[in-house]
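Chemist: Dropping a structure here in structure tokens format, bear with me for questions.
4 protein chains.
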Amino acid sequence: MAGSTFGTLFKVTTWGESHGKALGAVIDGCPAGLYLNEDDIQPFLDRRKPGQTSIATPRKETDQVEILSGVFEGKTTGTPISLMVRNTSQKSSDYSEIASYYRPGHADYTFDAKYGFRDYTGGGRSSGRETTGRVAAGAVALKILKEMGISLMAYTRSIGPVSIEMQSFDREAIYSTATCMPDKEADRRALAYLKGCMENKDSSGGVIECIVDGLPAGIGDPVFEKLDANLSKALMSIGSVKAVEIGDGILVSQALGSQNNDPFVWKDKKIAKKTNHAGGILGGISDGSQIVLRAHIKPTPSIFSPQETVNKKGENIEIAIKGRHDPVIVPRAVVVVEAMAALTLLDACMLNMAARVDYLKKFYKRT
Amino acid sequence: MAGSTFGTLFKVTTWGESHGKALGAVIDGCPAGLYLNEDDIQPFLDRRKPGQTSIATPRKETDQVEILSGVFEGKTTGTPISLMVRNTSQKSSDYSEIASYYRPGHADYTFDAKYGFRDYTGGGRSSGRETTGRVAAGAVALKILKEMGISLMAYTRSIGPVSIEMQSFDREAIYSTATCMPDKEADRRALAYLKGCMENKDSSGGVIECIVDGLPAGIGDPVFEKLDANLSKALMSIGSVKAVEIGDGILVSQALGSQNNDPFVWKDKKIAKKTNHAGGILGGISDGSQIVLRAHIKPTPSIFSPQETVNKKGENIEIAIKGRHDPVIVPRAVVVVEAMAALTLLDACMLNMAARVDYLKKFYKRT
Amino acid sequence: MAGSTFGTLFKVTTWGESHGKALGAVIDGCPAGLYLNEDDIQPFLDRRKPGQTSIATPRKETDQVEILSGVFEGKTTGTPISLMVRNTSQKSSDYSEIASYYRPGHADYTFDAKYGFRDYTGGGRSSGRETTGRVAAGAVALKILKEMGISLMAYTRSIGPVSIEMQSFDREAIYSTATCMPDKEADRRALAYLKGCMENKDSSGGVIECIVDGLPAGIGDPVFEKLDANLSKALMSIGSVKAVEIGDGILVSQALGSQNNDPFVWKDKKIAKKTNHAGGILGGISDGSQIVLRAHIKPTPSIFSPQETVNKKGENIEIAIKGRHDPVIVPRAVVVVEAMAALTLLDACMLNMAARVDYLKKFYKRT
Amino acid sequence: MAGSTFGTLFKVTTWGESHGKALGAVIDGCPAGLYLNEDDIQPFLDRRKPGQTSIATPRKETDQVEILSGVFEGKTTGTPISLMVRNTSQKSSDYSEIASYYRPGHADYTFDAKYGFRDYTGGGRSSGRETTGRVAAGAVALKILKEMGISLMAYTRSIGPVSIEMQSFDREAIYSTATCMPDKEADRRALAYLKGCMENKDSSGGVIECIVDGLPAGIGDPVFEKLDANLSKALMSIGSVKAVEIGDGILVSQALGSQNNDPFVWKDKKIAKKTNHAGGILGGISDGSQIVLRAHIKPTPSIFSPQETVNKKGENIEIAIKGRHDPVIVPRAVVVVEAMAALTLLDACMLNMAARVDYLKKFYKRT
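Next comes the structure, spelled out in structure tokens:
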């Protein structure tokens, strides 16, 4: 089945495997007239890229993006934007061992079960590298949202037991730490925790939070296409995410109605909310407050300690995974969360433009 | 925008408002040859219906379903199945007050912001009654899944602070309590807690868990259409759900890789997993274990204690909601969770049938 | 598979069989704020209805439409509009004979081949009555288009050998004849021809033309979703249509480029075309001229003269169809063509609203 | 809006402009396990490529296809197949003149009207080169269909006044002539006619017919997704197609029912039809006979004789188009028609696999 396309009007199709020739994305439905070049996209791919820090894989992924279509004289034309990143780090490793068994926590077995065989080189399509195309396309969505006055910011909220709560929007602080925690002290403690994990040949999970500012009230739909439903799908579609929360999230199940309801208040000549337990969405539609999302990410499944598993012959065996593997996925996934949220929000904003007969009448008189 | 259709091959479109003439669903793409009549659907609507218990609204919703099309000589024909439930309890109440302000925690304001006005009678399309169509369609999906050997079971896992963990599949136990907790003792404590809430003019949230047995490995897709991503959307699209978990869910963010990975094991001549932290899905594709999902549901926003809000004139006011409102939504939402999970799984199973060239070759030789 | 939904933003799902309980349509995505009641829709269903003329079946289909949802205080709310027409003419005929064989020119055999059995009462879902839902939904689309300054008009261009060419928009003239030919003389000749067909126990085909005025330039898309491609699908999806033409249609294959190109000309301070061989669409996008479409409709397959066919036992037999059958489908299909064109155009207009970044910026500053 | 994706399960997204860096297609949903390499695709692109004949543009398009993803160890993996063709013939011509006016018969004006500006180099996305991606993807669909026993063949049925009727399947004969007419004598006459057109600085249209063998009965759907409706859209989405016919096509409007109905007959232990006026489709579903389609293609709009038009300043001017332009598009479009029909049919076959409950039960017991 076809599962590599995301969105209704701003439609993104990604392609590519970890160790194939290239990875990419085709954006179909990007509005015309946006100034766009590779420099708008490259910084986002660089954020996804492993750095030189102690917790990131030393693999040299230059990940240079190339725009192959859809831009003319510096502006988007309304036609598909094809984005490509060549794989430059295709080591001719010996994968025969890994091909012979199923790694716990990975998609090896389920891929085989579905398709009858699998690309066993570096995870194939199930590799984290698959998100390259998402991030490239997300960068374009983020640029448009910015021009509409809507900004998104994701950061690492926790790694293992080390957790922070972000008080204010400070993009620089996020990018200045290896963990993407905008808090030097927490970053230090998280790195110490991760060092311990590595020494124990183990790995850690964590939480990414994404906050959206400037989204007007009225975006999203009341039933199946609720804004939170689509954001939830967007985040859960990122490998390793096992839970998604909106606003107070899991806390609502133990809260009282009197605590959880956000009182409306008339402020600065418009409607606002005194609190934001709802995370900016009521009945599936944005309420004009900040959107608050959280994705819970599991520990890297590739750990160096011995594990039990089964090989293709149906024998119970013990394996020890080798190679380069980050002890935590979270910091590199921050920009992926941001990208997926951006794709969802832009699409919802575009879909909303035909929500009222008055909009149609005004538009078609104008054009 | 169009947001009332769910699914790709087994496509369900719901319609209807709380106090309109009727509510319903059209199932397009239901496979032909299924024995189906109203008795297959009615019990599910009855589970959604308020009972005579202390915690459920006394509104008399008979909710009799009528099959209007798509069934001939007792079997589905492959053409759209139109299901309708007439609204019989359309009280001619005075809604002028409620129309004048925005209830906290409800979609009143966001609906207005999107569409320019709203149906203020009983919540309109944002009412919990909207789920009537989902449950009716879900009953059909559940019947097909059952014939394929796949069974689903949802139950109340917690109400406020009262929580249980289900050990084994016991459908009867679930339906035998007012809370849908399959544990008499927990049910008693939860009811006591809810009684307290009601006395305080307050309300409670809770958690619904859904467990799926018999789903073969290989269902779902690797990227945007991951099985967990679609289940997540399905559950988050139910009003009041604010968080969704798969398997260990939020716990993964604090777990170690060595704890979270599920070892594979060769058992009964096939591959199984020793543990199921993953909740039955790896890389977006089912692994043959139980699927385990949880939805966190916020407290009923309609509470009888006074609340601050804003009216349409832009004045800050205090309101006190009247009428009939359950102190908790959870027990009535159990069957809705089951329905939404069923719709998602059946669709994924149908989509999977063309995953391999060999399947096509075999099928078209056979037909 | 699911094939009863049409459109992307203005999404229509139809349901119902010829002799079932009811037929209907659900419109999802209808913009909010449109004044709508049954009187806006009924006249279109009446045009579809057989009259008392010599060429139309005497079946009494009152076809009263009921709006079940999506309208509040006289206006559309943005939520699904459920439209229903009860079948009142379900004769308890003896269908055992018709059930035993495959009528030539009908879908009897292909339905069986696909679904394993079929609803043999009056054609089931393949009956012309299936278009009831299309016409009801189309009436809503036509009302919105009208408010946007876009008007559609379909008429009978030919019946058998009797053909006319319409020079000017005269809606009254179309409805004033039994054939829907806006030309009394042609109508008379066509009726005479049809009388001959009936005497010979035979039937006739014909051509319906649809002309669209007021559609601005810029609607439609350049590749797979060309406006003519979607109109073509819309018309070809009407039972009995076997060819679709845009503008000069089949004549282009014998024309020279110098004849077929329409020169642009600056007129009344805007761009126009001197001629309209293109039928108002260039490269899949409207050019601001009239849209001109034609559908070629086959003769009614139900004829009273003896025909060869096969029964379910695999025997070659001769049959003679009985009952009530129009000698020509064309006049009753005129409103169906208009409806399908309207659904296509409105959807394309809604989709176009997010075509440029400037549109998004303007819209979201305004809202 | 997003209009560059085709298909539901076998989903193709094309991208690229005439004079951009590259063109391509992403196939999402290709079944796993198909042996595939560039040699399976290149011959189809070569058929699309201009030859060295008198009627084809001398532009050197090598059009070498590269598979960038989705194939592992020679077989499709079930993940997206990215196909790319680099543009090698990007002449740095002076396009300032062409940029200043609107060419009659081209999409110049409508593109501007939609997007606010256009890529004026060689037609941009509206160029015939856009079909490169369609043909590459179609080649993959054709390979799968072949393995299922379904074959397609398109050929030139007419060029201007020179017309043939094909009696039997002879692929070699089609490819052996410059016109793709499988008839040496007709080819000679057509070439003479085209020579005359060129001398007169004019161009010619023509008709392409596509015949499908081996498609089983039961493929397609009864209402909006009729097989003929989708084929019609597929063909009409090819630039320059202005009419589409199925079976007898436009002739049905003048035929009698007794002539047009195809009698069923029991033959070789199965149901067949004595004639095939229907072109293999009844009620939107295949009947097991040959599928017969025709596309009517307009004359190349780029002609060398002087034409009236308007420039961007709003002045009426006369232009004379220069450069390299074929006097007829038809021969190069033959393989495009074949590709589009193949994409439509394969998708319909895949969708059909879940049409009956019995299919699901059998499949899920088997897997």
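In order, the protein sequences belong to chains B, Z, R and S. Numbering-wise, numbering that gives the first Met the number 0 puts 63 at position 64 of the first sequence, and it's gapless, one number per residue. Numbering-wise, numbering that gives the first Met the number 0 puts 162 at position 163 of the second sequence, and it's gapless, one number per residue. Numbering-wise, numbering that gives the first Met the number 0 puts 180 at position 181 of the third sequence, and it's gapless, one number per residue. Numbering-wise, numbering that gives the first Met the number 0 puts 62 at position 63 of the fourth sequence, and it's gapless, one number per residue. Idealized CB from N, CA, C, for every residue including glycine.
(1) Along chain B, in chain order, which residues have C-beta atoms closer than 9 Å to that of R/V335?
(2) Would the region 61–75 of chain R and the region 29–38 of chain R be scored as touching if the rule is three or more Cβ pairs under 8 Å?
(3) What separation, rounded to the nearest whole angstrom, lies between the Cα atoms of Z/L226 and B/Y154?
(4) Taking only beta carbons into account, state which residues of the region 306–330 of chain S come closer than 7 Å to chain R, listed in chain order.
(5) What alpha helix (DSSP H) runs, 4 residues minimum, are completely inside the region 195–273 of chain S?
(6) Between which residues of its own chain and S/H295 is the CB-CB distance below 6 Å, once the five residues before and five after are set aside?
(7) Quick one: which chain B residues come within Cβ less than 8 Å of S/L35?
(8) Taking R/T299 as the query, report the chain S residues whose CB atoms sit under 8 Å from its CB, ordered along the chain.
(9) Taking DSSP as the reference, what is the three-state secondary structure of S/D93?
(10) Using the C-alpha atoms, what's the distance from B/V25 back to B/L345?
(11) From the DSSP output, in three-state form, read off R/M147 for me.
(12) Mind checking the region 3–28 of chain S against chain B and listing, in chain order, the residues whose C-beta falls within less than 8 Å of any C-beta there?
(13) For B/H276, collect the residues of the same chain with a Cβ closer than 6 Å to its Cβ; drop the 5 residues on either side in sequence, then sort them by chain order.
(14) Using CA atoms only, rank isn't needed, just tell me which of B/T78, B/N86, B/D27 is closest to B/K48.
(15) From R/K360 to B/K145, what does the alpha carbon distance come to, in whole angstroms?
(16) Taking the alpha carbon of B/T299 as the reference point, which residue from B/V336, B/L67, B/L193 has its own alpha carbon closest?
(17) Does any C-beta atom of chain Z lie closer than 7 Å to the C-beta of R/L44?
(18) Taking C-beta pairs closer than 7 Å, name the residues in chain Z that S/F362 reaches, listed in chain order.
(19) Could you give the residue range of the alpha helix (DSSP H) that holds B/T343?
(20) Mapping the DSSP letters down to three states, classify S/A24 as helix, strand or coil.
(21) DSSP puts B/E16 in a beta bridge; with which residues?
(22) Please state if the CB of R/S68 and the CB of Z/G15 are separated by a distance shorter than 7 Å.
(23) Alpha carbon to alpha carbon, how far is S/V335 from S/D45? Give it in angstroms, no decimals.
(24) Can you give me the Cβ contacts of Z/G6 inside the same chain, cut-off strictly under 7 Å, excluding the 5 residues immediately before and after it?
(25) Anything in chain R within Cβ reach of B/Y94, meaning under 8 Å, just list it in chain order.
(26) Determine which residues of the region 158–185 of chain R have a Cβ less than 7 Å from any Cβ of chain B, and write them out in chain order.
(27) Return yes when the Cβ of Z/P215 is within less than 7 Å of the Cβ of Z/G283, no when it is not.
(28) How many whole angstroms separate the CB atoms of S/K142 and S/D39, which I take to be in contact at a CB cut-off of 8 Å?
(29) Please go through the same chain and pick out, in chain order, the residues whose beta-carbon is closer than 6 Å to the beta-carbon of Z/S231, but skip the five residues on each side of it.
(30) From R/R156 to S/I237, what distance separates their C-alpha atoms?
(31) I need the DSSP call for S/E184, collapsed to helix, strand or coil.
(32) Near R/K321, which residues of its chain fall below 8 Å by C-beta distance, leaving aside the five closest residues on each side in sequence?
(33) Going along chain S, which residues have a C-beta under 9 Å from R/C196?
(34) Would you mind sorting Z/S203 into buried or exposed? The rule is 16 or more other CB atoms within 10 Å of its CB.
(35) Are B/L350 and B/L22 closer than 7 Å when you measure CB to CB?
(36) With DSSP run on the structure shown, which of helix, strand or coil describes S/Q306?
Modeler: Taking the geometry as given:
(1) Walking along the third sequence from the start, residue 335 of chain R turns up at place 336. Result: empty, since nearest Cβ-Cβ is about 24 Å, beyond 9 Å.
(2) yes
(3) For the purposes of this step, residue 226 of chain Z is taken as residue 227 along the second sequence, with counting starting at 1. For the purposes of this step, residue 154 of chain B is taken as residue 155 along the first sequence, with counting starting at 1. Their Cα atoms are separated by approximately 26 Å.
(4) Q306, E307, T308, V309, G313, E314, N315
(5) 226–235, 256–259
(6) Reading the fourth sequence from its first residue, position 296 is the one you call residue 295 of chain S. Around S/H295: V206, K241, A242.
(7) One-based indexing of the fourth sequence puts residue 35 of chain S at position 36. The contacting residues do not exist; S/L35 stays about 14 Å from chain B at best.
(8) Taking the first residue of the third sequence as position 1, residue 299 of chain R is located at position 300. Here the neighbours are G256.
(9) One-based indexing of the fourth sequence puts residue 93 of chain S at position 94. In this structure, S/D93 counts as coil in the three-state DSSP scheme.
(10) For the purposes of this step, residue 345 of chain B is identified with residue 346 of the first sequence, where counting begins at 1. For the purposes of this step, residue 25 of chain B is identified with residue 26 of the first sequence, where counting begins at 1. Each residue's Cα considered, the two are about 16 Å apart.
(11) Stepping through the third sequence from its first residue, residue 147 of chain R is reached at position 148. DSSP places R/M147 in coil when its eight states are reduced to three.
(12) S3, T4, G6, T7, L8, F9, K10, T12, T13, W14, G15, E16, G19, K20, A21, L22, G23, V25, D27, G28
(13) As a first step, residue 276 of chain B is located in the first sequence; it is residue number 277 there, counting from the start. Cβ neighbours of B/H276 beyond the five flanking positions: G246, D247, N259, D261.
(14) Taking the first sequence and counting its residues from 1, the one referred to as residue 48 of chain B is at position 49. Among B/T78, B/N86, B/D27, the Cα nearest to that of B/K48 belongs to B/N86.
(15) Here residue 360 of chain R is taken as the residue at index 361 of the third sequence, counted from 1. Here residue 145 of chain B is taken as the residue at index 146 of the first sequence, counted from 1. Looking at the two C-alpha atoms, the distance is approximately 10 Å.
(16) Indexing the first sequence from 1 puts residue 299 of chain B at position 300. Among B/V336, B/L67, B/L193, the Cα nearest to that of B/T299 is on B/L193.
(17) Locating residue 44 of chain R in the third sequence gives position 45, where the first residue counts as 1. No, no contact with chain Z.
(18) As a working note, residue 362 of chain S is residue 363 in the fourth sequence. Under the 7 Å cutoff, chain Z gives M352.
(19) In the first sequence, residue 343 of chain B corresponds to position 344, counting from 1. Note, B/T343: alpha helix (DSSP H), 329–350.
(20) In the fourth sequence, counting from the first residue as 1, residue 24 of chain S sits at position 25. In this structure, S/A24 counts as strand in the three-state DSSP scheme.
(21) As a first step, residue 16 of chain B is located in the first sequence; it is residue number 17 there, counting from the start. Its beta-bridge partners do not exist; DSSP assigns none.
(22) Residue 15 of chain Z sits at position 16 when you count from the first residue of the second sequence. Residue 68 of chain R sits at position 69 when you count from the first residue of the third sequence. Cβ atoms of Z/G15 and R/S68: closer than 7 Å.
(23) Translated into positions along the fourth sequence, residue 45 of chain S becomes position 46. Translated into positions along the fourth sequence, residue 335 of chain S becomes position 336. Straight-line Cα distance between these residues: approximately 12 Å.
(24) If you number the second sequence from 1, residue 6 of chain Z lands on position 7. Closer than 7 Å at the Cβ level, and outside the excluded window around Z/G6, lie L342, D346.
(25) Walking along the first sequence from the start, residue 94 of chain B turns up at place 95. Chain R residues near B/Y94: none, gap ~39 Å exceeds 8 Å.
(26) none
(27) The residue given as residue 283 of chain Z occupies position 284 in the second sequence. The residue given as residue 215 of chain Z occupies position 216 in the second sequence. Not closer than 7 Å, so no.
(28) Translated into the one-based positions of the fourth sequence, residue 142 of chain S becomes position 143. Translated into the one-based positions of the fourth sequence, residue 39 of chain S becomes position 40. With a Cβ gap of about 6 Å, S/K142 and S/D39 count as contacting.
(29) As a first step, residue 231 of chain Z is located in the second sequence; it is residue number 232 there, counting from the start. For Z/S231, where only same-chain residues beyond five positions count, the Cβ hits under 6 Å are V243.
(30) By 1-based counting over the third sequence, the position of residue 156 of chain R is 157. By 1-based counting over the fourth sequence, the position of residue 237 of chain S is 238. Taking the straight line from one Cα to the other gives about 27 Å.
(31) The residue you call residue 184 of chain S lines up with position 185 of the fourth sequence. S/E184: helix per DSSP, three-state reduction.
(32) In the third sequence, counting from the first residue as 1, residue 321 of chain R sits at position 322. Hits under 8 Å: F303.
(33) Numbered from its first residue, the third sequence carries residue 196 of chain R at position 197. Within chain S, the residues near R/C196 are L255, G256.
(34) Sequence index remark: in the second sequence, residue 203 of chain Z carries index 204 (1-based). Burial call: buried.
(35) The residue you call residue 350 of chain B lines up with position 351 of the first sequence. The residue you call residue 22 of chain B lines up with position 23 of the first sequence. No, the Cβ-Cβ distance between B/L350 and B/L22 is not below 7 Å.
(36) Taking the first residue of the fourth sequence as 1, we reach residue 306 of chain S at position 307. Strand, per DSSP.
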